[in-house]
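Per my numbering: the sequence shown = residues -17 to 123. Report on one structure; see the data block that follows.
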Amino acid sequence: MYELKTKETDNSVIEFIESVDHPKKREDGYRLLDLFTETTGYEAKLWGPSIIGFGSYHYKYATGHEGDAPLVGFSPRKAKISLYLAQGEPERENVLQRLGKHKTGKACVYVNKLDDVDLDVLKEMIRQSVDYLKKLYPERS
């Protein structure tokens, strides 16, 4: 059976941020930690080796695949900062247009540095993602 690689761990979020080599990425990591904590009201947890997540939900797909994931999160990676926000959220594309300089993947929004984005718009996206996922998966948050 398939085993999820990204699980909530007891590893230290602060130690992970401190391990980020690039000083600006490390500084942005701390800024994001504060922003996500303040916006969600959830304590930061390390998911897998490198995702800082907030809250959690249990999903189950029609295929039978199921698991747990953070409601929202981020990772200050070497190349770009990955922002984990709900895909499928109805306002996502409209709000992304106001975010600032970014790229998107299937599930992530990528930014080079926080100075490139509007933090109020990011907070709006975080709140929308949390609300959307709590409605979609109401049994746990």
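C-beta: ideal position from N, C-alpha, C; glycine also. It should be emphasised that the depicted structure is a prediction, and the values quoted were computed from it without experimental measurement.
Val54 is positioned such that its CB atom lies no closer than 7 Å to that of Gly82. Ser111: member of the alpha helix (DSSP H) spanning 101 to 118, first to last residue.
Beyond the five residues adjoining it in sequence on each side, Lys6 comes within less than 7 Å, by CB distance, of Lys95 in the same chain, given in chain order. Within the region -11 to 33, the complete alpha helix (DSSP H) runs of at least 4 residues fall at -5 to 0, 5 to 22. When DSSP states are grouped into helix, strand and coil, Glu75 belongs to the helix group. When DSSP states are grouped into helix, strand and coil, Leu81 belongs to the helix group.
Around the beta carbon of Ser(-6), a 10 Å sphere encloses fewer than 16 other beta carbons of the protein chains shown; the residue is thus reported as exposed. By the Cβ test, the region 38 to 46 is not in contact with the region 64 to 80, since fewer than three Cβ pairs between them sit closer than 8 Å. Separation of the CB atoms of Gly30 and Lys(-11) is rounded to 6 Å, and the pair is thereby assigned contact status at 8 Å. Assignment of beta-bridge partners to Ala51 by DSSP yields Tyr39. Looking at the backbone, the Cα of Phe18 and that of Lys105 are separated by about 8 Å.
Under DSSP, Leu65 shares a beta bridge with Phe56, Val91.
About 5 Å separates the CB atoms of Val2 and Pro58; that is less than 8 Å, so the two are in contact.
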